[in-house]
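One structure is given here, and the rest of the page talks about it.
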Amino acid sequence: LRCPEHEHWVLCEAHCQKNCTNYKQNLPCNKRCVAGCVCDRGYVRGINGKCILEEKCPMETEKCPEHEHWDRCLAHCQRNCSNYDKHIPCTMACFPGCVCDEGHVRGPNGKCILKEKCPKEPDSNCPKNSKYDHCGAYPSCFVKGPDGECIPIEECPHKSEALRCPEHEHWGSMRSSLPEKLYQL
């Protein structure tokens, strides 16, 4: 399985990850095994859920963007345009960082916006062959990778990389004879 940058896959203890608040502490971790991606050595979970170098962790006094405030125990599953009116299960893991102010939710671009300003049809804002989904830290436009995993659009391989064929195969285009819907997610 592929993990994001500065992360690797483990079969156990993915729920006991260090973050910017606790990386200097010796944390107890129960024996329940959870498989998943964890930060590489020297990296911890940052405020956006991505792994960053320990020394890049923000200080508590760091200012938050507009419509956000600092919270020592940030719920890593904040409300966003897709889930603000739903009950979402959230594990009790503390991450320090900026959270949206009251009445605001994470918009498709990761910024906090009034929930009334959320796009009505998020899929219509995504480029062709991509889908609005909750695969990453924030809902965004994703495409399906070769193994069915979600890949953020900005991490898609360049066209020249995507068209390389395995040995004893060559690239051919049948698109004109196939229905358009086969190319949709």
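Sequential numbering from 4 applies to the sequence shown in this note's numbering.
Note that CB positions come from ideal geometry on N, CA and C, so glycine has one too.
Three or more beta-carbon pairs drawn from the stretch 105-118 and the stretch 67-76 are found closer than 8 Å, and the two stretches are therefore classed as touching. For the pair Glu-57 and Val-47, the CB atoms are nearer than the 7 Å cut-off.
In this structure, Cys-15 lies away from Cys-32, with their beta-carbon atoms at least 7 Å apart.
Nearest C-alpha to Arg-44 among Val-146, Glu-152, His-9: His-9. Its Cα nearest to that of Asn-132, the residue Ile-154 stands out among Leu-117, Lys-120, Ile-154, Gly-113. Remark: C-beta atoms of Cys-121 and Cys-84 approach each other more closely than 7 Å. Under DSSP, Leu-117 takes part in a beta bridge, and its partners are His-107.
Approximately 6 Å separates the beta-carbon atoms of Cys-101 and Ile-50; this is inside 8 Å, confirming the contact. The Cβ atoms of Lys-123 and Tyr-87 lie no closer than 7 Å to each other.
Taking 7 Å as the cut-off, the beta carbon of Cys-19 is found no closer than this to the beta carbon of Cys-60.
Residue environment for Ile-91: exposed (fewer than 16 other C-beta atoms within 10 angstroms of its C-beta).
DSSP places His-11 inside the beta strand (DSSP E), whose first and last residues are 10-13. Looking only at Cys-129, Gln-81, Lys-89, Val-146, the smallest Cα-Cα distance to Lys-114 is reached by Gln-81. Boundaries of the beta strand (DSSP E) around Arg-48: 46-48.
The Cβ neighbour count for Pro-111, taken over all protein chains shown within 10 Å, is at least 16; the residue is labelled buried. The alpha-carbon of Lys-89 is positioned some 29 Å away from that of Lys-66.
In this structure, the alpha-carbon of Gly-148 lies about 21 Å from that of Cys-54.
If you ignore the 5 residues before and after Lys-21, its C-beta comes within less than 6 Å of the C-beta of Val-47, all in its own chain and listed in chain order.
According to DSSP, Ile-55 shares a beta bridge with Val-47.
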